[in-house]
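**Q** Here the protein sequences come in this chain order: L and H. Read in order, the letters of the first sequence are residues 1 to 458 in full-length UniProt numbering. Read in order, the letters of the second sequence are residues 1 to 458 in full-length UniProt numbering. The C-beta atom is built at its ideal place from N, Cα and C for all residues, glycine as well. Model, not experiment: these values are computed from the prediction. One structure coming up, written as structure tokens, with questions to follow.
2 protein chains.
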Amino acid sequence: MASKASIPKGTRDFSPLEVSKRHYITSTIQKHFKDFGFQPIETPSFENSDTLMGKYGDEGDRLIFKILNSGDFLKKVDSGVYDEKDSLKLSSSISEKALKYDLTVPFARYVVQHQNEIDFPFKRYQVQNVYRADRPQKGRFREFTQCDADVIGSDSLWQEVEFIQLYDVVFSSLKLEGVCIKMNNRKILSGLAEVIGESDRLIDFTVALDKLDKIGEEGVKKEMLEKGISQSAIENIKPIFNFEGDFGSKIELLKSLLSNSEVGQKGIEELEFIQKVLQELPLQTATLDLDVTLARGLNYYTGAIFEIAAPEAVKMGSIGGGGRYDDLTGIFGLKNMSGVGISFGLDRIYLVLEELGLFPQEIKETTKVLFINFGEDEALYALKAVSKLRASSISAELYPDPAKMKKQMTYADRRNIPYVVLAGGSEMQSEVYNLKTMKTGEQESYSIENLINKLSNS
Amino acid sequence: MASKASIPKGTRDFSPLEVSKRHYITSTIQKHFKDFGFQPIETPSFENSDTLMGKYGDEGDRLIFKILNSGDFLKKVDSGVYDEKDSLKLSSSISEKALKYDLTVPFARYVVQHQNEIDFPFKRYQVQNVYRADRPQKGRFREFTQCDADVIGSDSLWQEVEFIQLYDVVFSSLKLEGVCIKMNNRKILSGLAEVIGESDRLIDFTVALDKLDKIGEEGVKKEMLEKGISQSAIENIKPIFNFEGDFGSKIELLKSLLSNSEVGQKGIEELEFIQKVLQELPLQTATLDLDVTLARGLNYYTGAIFEIAAPEAVKMGSIGGGGRYDDLTGIFGLKNMSGVGISFGLDRIYLVLEELGLFPQEIKETTKVLFINFGEDEALYALKAVSKLRASSISAELYPDPAKMKKQMTYADRRNIPYVVLAGGSEMQSEVYNLKTMKTGEQESYSIENLINKLSNS
Numbered sequence: 001m002a003s004k005a006s007i008p009k010g011t012r013d014f015s016p017l018e019v020s021k022r023h024y025i026t027s028t029i030q031k032h033f034k035d036f037g038f039q040p041i042e043t044p045s046f047e048n049s050d051t052l053m054g055k056y057g058d059e060g061d062r063l064i065f066k067i068l069n070s071g072d073f074l075k076k077v078d079s080g081v082y083d084e085k086d087s088l089k090l091s092s093s094i095s096e097k098a099l100k101y102d103l104t105v106p107f108a109r110y111v112v113q114h115q116n117e118i119d120f121p122f123k124r125y126q127v128q129n130v131y132r133a134d135r136p137q138k139g140r141f142r143e144f145t146q147c148d149a150d151v152i153g154s155d156s157l158w159q160e161v162e163f164i165q166l167y168d169v170v171f172s173s174l175k176l177e178g179v180c181i182k183m184n185n186r187k188i189l190s191g192l193a194e195v196i197g198e199s200d201r202l203i204d205f206t207v208a209l210d211k212l213d214k215i216g217e218e219g220v221k222k223e224m225l226e227k228g229i230s231q232s233a234i235e236n237i238k239p240i241f242n243f244e245g246d247f248g249s250k251i252e253l254l255k256s257l258l259s260n261s262e263v264g265q266k267g268i269e270e271l272e273f274i275q276k277v278l279q280e281l282p283l284q285t286a287t288l289d290l291d292v293t294l295a296r297g298l299n300y301y302t303g304a305i306f307e308i309a310a311p312e313a314v315k316m317g318s319i320g321g322g323g324r325y326d327d328l329t330g331i332f333g334l335k336n337m338s339g340v341g342i343s344f345g346l347d348r349i350y351l352v353l354e355e356l357g358l359f360p361q362e363i364k365e366t367t368k369v370l371f372i373n374f375g376e377d378e379a380l381y382a383l384k385a386v387s388k389l390r391a392s393s394i395s396a397e398l399y400p401d402p403a404k405m406k407k408q409m410t411y412a413d414r415r416n417i418p419y420v421v422l423a424g425g426s427e428m429q430s431e432v433y434n435l436k437t438m439k440t441g442e443q444e445s446y447s448i449e450n451l452i453n454k455l456s457n458s
Numbered sequence: 001m002a003s004k005a006s007i008p009k010g011t012r013d014f015s016p017l018e019v020s021k022r023h024y025i026t027s028t029i030q031k032h033f034k035d036f037g038f039q040p041i042e043t044p045s046f047e048n049s050d051t052l053m054g055k056y057g058d059e060g061d062r063l064i065f066k067i068l069n070s071g072d073f074l075k076k077v078d079s080g081v082y083d084e085k086d087s088l089k090l091s092s093s094i095s096e097k098a099l100k101y102d103l104t105v106p107f108a109r110y111v112v113q114h115q116n117e118i119d120f121p122f123k124r125y126q127v128q129n130v131y132r133a134d135r136p137q138k139g140r141f142r143e144f145t146q147c148d149a150d151v152i153g154s155d156s157l158w159q160e161v162e163f164i165q166l167y168d169v170v171f172s173s174l175k176l177e178g179v180c181i182k183m184n185n186r187k188i189l190s191g192l193a194e195v196i197g198e199s200d201r202l203i204d205f206t207v208a209l210d211k212l213d214k215i216g217e218e219g220v221k222k223e224m225l226e227k228g229i230s231q232s233a234i235e236n237i238k239p240i241f242n243f244e245g246d247f248g249s250k251i252e253l254l255k256s257l258l259s260n261s262e263v264g265q266k267g268i269e270e271l272e273f274i275q276k277v278l279q280e281l282p283l284q285t286a287t288l289d290l291d292v293t294l295a296r297g298l299n300y301y302t303g304a305i306f307e308i309a310a311p312e313a314v315k316m317g318s319i320g321g322g323g324r325y326d327d328l329t330g331i332f333g334l335k336n337m338s339g340v341g342i343s344f345g346l347d348r349i350y351l352v353l354e355e356l357g358l359f360p361q362e363i364k365e366t367t368k369v370l371f372i373n374f375g376e377d378e379a380l381y382a383l384k385a386v387s388k389l390r391a392s393s394i395s396a397e398l399y400p401d402p403a404k405m406k407k408q409m410t411y412a413d414r415r416n417i418p419y420v421v422l423a424g425g426s427e428m429q430s431e432v433y434n435l436k437t438m439k440t441g442e443q444e445s446y447s448i449e450n451l452i453n454k455l456s457n458s
């Protein structure tokens with residue numbers, strides 16, 4: 001009857017300390033989402049399969065977790081279909097629901113379904129778990145948390161400015177300085193493909209370009225040639241392989257490169273607007289960089305593209321990203337809704353804060369004070385104080401059993417509880433509580449009022 | 001290609017207002033969990049099937065959502081098994097994982113798996129979603145949130161006292177006064193069955209007794225007779241059908257009824273301890289009642305049993321419950337771990353607060369202030385103030401487009417934004433911001449410093 005205690009691969013249990021650290025990050029992000037006027041929504045953990053299938057490409061479809069229909073699920077299966085014994089065909093007959101793969105498609109579904117209750121432009125945030133049947137590996141899980149903020153129903157570039165500010169404010173709050181907000185624009189990429197005469201190879205062109213930091217200039221050129229992009233075309237965009245300088249000088253370079261592309265000019269205009277506004281509203285700790293190789297899910301984004309790089313000291317890759325998409329809700333029948341959004345990568349931000357030692361010390365503290373249990377009368381005396389401390393929002397515990405002193409002190413120590421109260425017969429007589437500071441070993445007696453004061457201010 | 005926008009039956013989308021109201025409840029509960037020294041853990045949304053199957057009885061097994069194996073899941077299925085076309089048999093060959101059905105079994109699995117990292121007694125809380133393939137109906141969903149707190153590794157009755165205090169403090173914080181904490185003890189039920197000579201019909205006896213408030217005295221007697229309990233046995237416990245009076249007088253009654261039952265006496269002792277302590281530490285707004293008909297999952301509980309009744313004015317049934325179980329982790333091979341825990345019913349508490357109008361007004365407010373967008377220069381001037389307000393934790397928005405005034409004002413109104421700032425050319429010249437209070441229509445000009453002050457304090 002006894003089952004082995006284990007969890008599915010790619011999933012995780014979170015210990016109290018891990019939950020607290022994750023909560024520190026998500027609550028910081030959520031606080032700023034709210035300050036920026038975003039409102040929370042939540043969608044179910046699973047959706048109807050047809051809401052999700054076909055939205056993430058073939059590879060995505062394979063990674064979607066399907067839920068088996070309940071009850072006698074084979075009863076409704078056509079026997080012809082059953083006899084084929086084909087996993088893919090059978091799965092659509094025995095499964096109608098699927099775990100959500102990301103927050104974006106369910107959000108699009110939500111917007112369409114609730115369009116009459118929503119006041120557009122709709123600024124929403126969502127912090128929920130998503131599920132992917134991916135091969136688990138370091139930093140890649142089958143259940144993980146996404147933190148997204150999007151605005152839907154406006155194509156104003158002020159939103160792009162605000163998302164850059166939002167990234168800056170969140171990472172500054174987390175004391176994670178030196179984050180780089182890399183930006184690009186789909187229109188720049190289209191412009192580049194256009195001026196080299198390879199507009200119909202836009203995807204191949206950008207997929208190759210996106211790999212510059214991984215495979216280097218020669219690697220990118222090789223891939224472009226393989227994809228049929230001509231040698232002379234590649235020569236024409238040579239400058240972008242060594243694209244140096246600040247945001248402003250990169251824009252100047254692009255202006256000359258893209259002088260013959262209307263769409264390219266439009267992209268430059270958008271980037272210039274953002275740059276101009278941010279000169280008036282400087283970022284706190286992040287830097288903004290123009291990265292013309294940045295593509296990220298190009299099929300999806302139609303304007304701005306963002307990606308966040310962790311500070312250079314940490315080898316981590318992207319810790320966030322996003323961009324503008326012009327027709328997200330079209331798949332559910334609601335046309336012409338421009339949207340723009342960003343995402344924070346909780347797991348990677350966690351690893352970065354851990355590596356740089358940026359989690360605040362307070363996170364480790366759990367309960368503020370443990371009352372030692374010396375027996376029934378003493379425990380009642382203790383619980384009276386415990387109740388008053390809790391009423392003052394000071395977390396307090398009474399050790400449940402009159403166990404050996406050493407055992408109770410070890411519990412306090414291992415739990416990182418900074419204070420212990422010892423109150424026996426003599427303390428009861430004088431109506432005081434003897435407070436021991438665990439770090440220093442110091443002990444002092446306090447009346448209940450002074451105990452509350454002492455622990456409120458420490 | 002366009003899919004219909006809908007969600008699976010029994011699941012819900014939560015709008016911003018609903019998320020805020022739910023968060024108001026869960027964050028209140030979590031605050032007090034922490035004040036009482038409970039620590040948060042989280043477990044995955046899905047577990048290995050053998051962790052869950054067989055733990056909730058046959059009915060429970062049927063209600064567990066199973067996840068289809070990924071990839072070519074039929075490849076490994078034995079063709080003999082496949083040819084039988086039996087849903088139940090096939091499901092265990094094509095599904096290895098299942099969505100969690102409650103928080104308790106995964107918690108037991110967690111304790112066993114992490115026993116070497118845990119400092120016992122382990123006080124943990126968990127607020128997570130669970131999934132049941134139940135027939136959806138009013139107030140019953142296929143995905144819902146459970147809020148549990150348990151202590152494992154101590155059989156101290158101080159825990160029972162603290163859980164009663166915890167219920168009282170949480171509902172008092174939520175301004176939900178008049179909640180009744182109904183209590184019983186498995187040992188009382190065993191004692192009653194013993195003194196009437198029906199110990200081997202304990203389950204039938206208590207299942208019938210548990211229905212007293214639904215089917216009345218005659219109904220209960222009828223069911224007991226049908227189950228083979230004798231007429232004279234029923235006569236012997238007649239007093240409990242009309243069990244009136246306060247906690248203390250009920251205990252006195254039980255003392256005479258159970259004078260010949262050792263286990264019954266033990267149950268009385270436990271109840272008396274709790275009563276004695278609570279006389280010294282009176283509850284704030286809840287009342288404690290002894291309800292000898294209360295059974296709740298009797299097979300599970302071994303000592304105290306709790307159930308929370310909403311205030312009488314509201315027809316709602318139980319809004320929480322719990323009890324002591326002596327061997328929860330035994331199913332995973334860790335013996336002799338006594339545990340006691342309680343649960344809060346989020347959805348029902350939500351309905352009760354809604355019905356009694358107890359959600360605070362502030363929940364409806366979203367963003368504090370909207371800045372009207374009059375065009376590019378004005379918007380930049382506005383965004384400078386918006387950024388400063390946000391830095392002071394005042395939620396602020398700039399309307400993204402220079403739309404018609406009426407449209408922007410309507411947006412503020414529908415979003416329940418209490419303040420609007422109008423800043424055009426003349427305000428920019430005088431370096432002020434014109435603040436309009438939506439409720440009164442009042443308008444006044446403020447410097448940025450005074451604007452921050454004004455909005456911080458309102």
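Are the C-beta of H/Ser456 and some C-beta of chain L separated by less than 8 Å?
**A** On the second sequence, residue 456 of chain H is found 456 positions in, with the first residue counted as 1. Among the residues facing chain L, H/Ser456 is not included, as its CB has no counterpart in that chain under 8 Å away.
**Q** Look up H/Asp148 in the DSSP assignment and say whether it is helix, strand or coil.
**A** Taking the first residue of the second sequence as 1, we reach residue 148 of chain H at position 148. DSSP places H/Asp148 in strand when its eight states are reduced to three.
**Q** Please identify, using Cβ separations under 7 Å, the residues of the segment 45 to 73 of chain H that lie next to chain L, in order along the chain.
**A** Ser45, Phe46, Glu47, Asn48, Asp50, Thr51, Phe65, Lys66, Ile67, Leu68, Ser70, Asp72 and Phe73
**Q** What's the C-alpha gap between L/Gln137 and L/Gly10?
**A** Locating residue 137 of chain L in the first sequence gives position 137, counting from the first residue. Locating residue 10 of chain L in the first sequence gives position 10, counting from the first residue. If you take the alpha carbons of L/Gln137 and L/Gly10, they lie about 8 Å apart.
**Q** Using only alpha-carbon positions, find the residue among L/Glu449, L/Lys175 and L/Ala412 that is nearest to L/Phe352.
**A** Taking the first sequence and counting its residues from 1, one reaches residue 352 of chain L at position 352. A small fix is needed here, since residue 352 of chain L is Val in this sequence, not Phe. Comparing Cα-Cα distances from L/Val352 to each of L/Glu449, L/Lys175 and L/Ala412, the minimum goes to L/Lys175.
**Q** Quick one, are the C-beta atoms of H/Lys406 and H/Leu422 less than 8 Å apart?
**A** Residue mapping note: residue 406 of chain H aligns to position 406 of the second sequence, counting from 1. Residue mapping note: residue 422 of chain H aligns to position 422 of the second sequence, counting from 1. Not closer than 8 Å, so no.
**Q** Which whole-angstrom value describes the C-beta separation of L/Lys100 and L/Leu52, a residue pair presumed to lie in contact below a C-beta threshold of 8 Å?
**A** For the purposes of this step, residue 100 of chain L is taken as residue 100 along the first sequence, with counting starting at 1. For the purposes of this step, residue 52 of chain L is taken as residue 52 along the first sequence, with counting starting at 1. So it is a contact: roughly 7 Å between Cβ atoms.
**Q** Do L/Gly303 and L/Asn185 have their C-beta atoms within less than 8 Å of each other?
**A** For the purposes of this step, residue 303 of chain L is taken as the residue at position 303 of the first sequence. For the purposes of this step, residue 185 of chain L is taken as the residue at position 185 of the first sequence. Yes, Cβ-Cβ distance for L/Gly303 and L/Asn185 is below 8 Å.
**Q** Excluding five sequence neighbours on each side, which residues of the same chain lie with their C-beta closer than 8 Å to the C-beta of H/Ala403?
**A** Within the second sequence, the letter at position 403 stands for residue 403 of chain H. Within the same chain, H/Ala403 has close Cβ partners Asn373.
**Q** Using only the heavy atoms of the ligand FAD, determine whether one of them is closer than 7 Å to the beta carbon of L/Ser95.
**A** Only the bare structure without any ligand can be found here, which leaves the ligand FAD out of the picture.
**Q** What are the uninterrupted segments assigned as alpha helix (DSSP H) that are 4 or more residues long and contained completely in the segment 17 to 73 of chain H, given in chain order?
**A** 49 to 52 and 57 to 62
**Q** Assign H/Thr367 to one of two classes, buried (16 or more other C-beta atoms within 10 Å of its C-beta) or exposed (fewer than that).
**A** In the second sequence, counting from the first residue as 1, residue 367 of chain H sits at position 367. Buried: at least 16 other Cβ atoms inside 10 Å.
**Q** Output yes if chain H places a C-beta closer than 8 Å to the C-beta of L/Arg324; else output no.
**A** For the purposes of this step, residue 324 of chain L is identified with residue 324 of the first sequence, where counting begins at 1. No, its Cβ sits nowhere closer than 8 Å to a Cβ of chain H.
**Q** Here's the rule I'm using: 16 or more other beta-carbon atoms within 10 Å means buried, otherwise exposed. How should residue 459 of chain L be labelled?
**A** In the structure as shown, chain L starts at 1 and stops at 458, and residue 459 of chain L therefore has no counterpart that could be examined.
**Q** Closest Cβ-Cβ distance between H/Ser173 and chain L: below 8 Å?
**A** Taking the first residue of the second sequence as position 1, residue 173 of chain H is located at position 173. No, no contact with chain L.
**Q** With 8 Å set as the bound, which would you pick, yes or no: does the beta-carbon of L/Phe371 sit closer than that to a beta-carbon of chain H?
**A** If you number the first sequence from 1, residue 371 of chain L lands on position 371. So, not an interface residue.
**Q** Can you name, in chain order, every residue of its own chain whose Cβ lies under 7 Å from the Cβ of L/Gly32, other than the five neighbours on each side?
**A** In the first sequence, the residue the question calls residue 32 of chain L occupies position 32. First, the residue type needs correcting, since residue 32 of chain L is His and not Gly in the sequence shown. Setting aside the 5 residues that flank it on each side, L/His32 is surrounded in the same chain by Leu166, Val169, Val170 and Ser173, each with a C-beta closer than 7 Å to its C-beta; the list follows chain order.
**Q** Can you give the Cα-Cα distance for H/Met224 and L/Ala382, rounded to whole angstroms?
**A** Position 224 of the second sequence, counting from 1, holds the residue named residue 224 of chain H. Position 382 of the first sequence, counting from 1, holds the residue named residue 382 of chain L. Near 46 Å, if we compare the C-alpha coordinates of L/Ala382 and H/Met224.
**Q** Within 8 Å (strictly less), CB to CB, does L/Ile41 reach chain H?
**A** Walking along the first sequence from the start, residue 41 of chain L turns up at place 41. Yes, L/Ile41 counts as interfacial toward chain H.
**Q** Please go through the same chain and pick out, in chain order, the residues whose beta-carbon is closer than 8 Å to the beta-carbon of L/Ser87, but skip the five residues on each side of it.
**A** In the first sequence, counting from the first residue as 1, residue 87 of chain L sits at position 87. Here the set comprises nothing.
**Q** Output, in chain order, the set of chain H residues within a Cβ distance shorter than 7 Å of L/Lys97.
**A** Translated into the one-based positions of the first sequence, residue 97 of chain L becomes position 97. In chain order: Pro8.
**Q** Check whether the Cβ of L/Ile319 lies closer than 8 Å to any Cβ atom in chain H.
**A** Mapped onto the first sequence, residue 319 of chain L falls at position 319. Not one chain H Cβ lies under 8 Å of L/Ile319.
**Q** Along chain L, in chain order, which residues have C-beta atoms closer than 7 Å to that of H/Tyr110?
**A** As a first step, residue 110 of chain H must be located in the second sequence, where it is residue number 110. Simply Asp13.
**Q** Please list, in chain order, the chain H residues whose beta carbon lies closer than 7 Å to that of L/Ser395.
**A** Taking the first residue of the first sequence as 1, we reach residue 395 of chain L at position 395. By Cβ distance, chain H contributes Lys34, Asp35 and Gly37.
**Q** Applying the criterion that 16 or more other CB atoms from any shown protein chain within 10 Å of the CB defines a buried residue, is L/Asn69 buried or exposed?
**A** Position 69 of the first sequence, counted from the first residue, corresponds to residue 69 of chain L. Flag for L/Asn69 reads buried.
**Q** Taking CB distances under 8 Å as the criterion, tell me whether H/Leu351 reaches chain L.
**A** Counting from 1 along the second sequence, the entry for residue 351 of chain H is found at position 351. Chain L, which has no Cβ nearer than 8 Å to the Cβ of H/Leu351, makes this no.
**Q** Quick one: which chain H residues come within Cβ less than 8 Å of L/Lys16?
**A** As a position in the first sequence, residue 16 of chain L is number 16, starting the count at 1. As written in the sequence, residue 16 of chain L is Pro, which differs from the Lys given in the question. Residues of chain H passing the Cβ test: Gln39, Pro40, Ile41 and Arg124.
**Q** Tell me whether the beta-carbon of H/Gly357 lies closer than 8 Å to the beta-carbon of H/Thr285.
**A** Taking the second sequence and counting its residues from 1, the one referred to as residue 357 of chain H is at position 357. Taking the second sequence and counting its residues from 1, the one referred to as residue 285 of chain H is at position 285. Result no, Cβ atoms of H/Gly357 and H/Thr285 do not sit closer than 8 Å.
**Q** Assuming H/Ser318 is part of the beta strand (DSSP E), what are its boundary residues?
**A** Counted from its first residue, the second sequence places residue 318 of chain H at position 318. Per DSSP, H/Ser318 belongs to the beta strand (DSSP E) from Ser318 to Tyr325.
**Q** Please state whether DSSP places L/Ser393 in a helix, a strand or coil.
**A** Locating residue 393 of chain L in the first sequence gives position 393, where the first residue counts as 1. Correct three-state label for L/Ser393: coil.
**Q** Going along chain H, which residues have a C-beta under 7 Å from L/Lys85?
**A** Residue 85 of chain L sits at position 85 when you count from the first residue of the first sequence. Per Cβ cutoff of 7 Å: Leu74 and Tyr82.
**Q** Tell me, which residues are paired with L/Phe107 by DSSP?
**A** Position 107 of the first sequence, counted from the start, is the residue given in the question as residue 107 of chain L. In DSSP, L/Phe107 forms no bridge with anything.
**Q** Between the Cα of H/Ser199 and those of H/Ser343, H/Glu355, H/Arg140 and H/Glu262, spot the shortest distance and give me the residue it belongs to.
**A** Taking the second sequence and counting its residues from 1, the one referred to as residue 199 of chain H is at position 199. Out of H/Ser343, H/Glu355, H/Arg140 and H/Glu262, H/Glu262 has the C-alpha closest to the C-alpha of H/Ser199.
**Q** Give the DSSP-derived three-state secondary structure of H/Lys335 in the structure shown.
**A** The residue labelled residue 335 of chain H in the question sits at position 335 within the second sequence. Shown here, H/Lys335 sits in coil according to DSSP, grouped into three states, outside any helix or strand.
**Q** At what residues does the alpha helix (DSSP H) containing H/Ile363 begin and finish?
**A** In the second sequence, residue 363 of chain H corresponds to position 363, counting from 1. Premise fails: H/Ile363 is in no alpha helix (DSSP H) and is neither H nor E.
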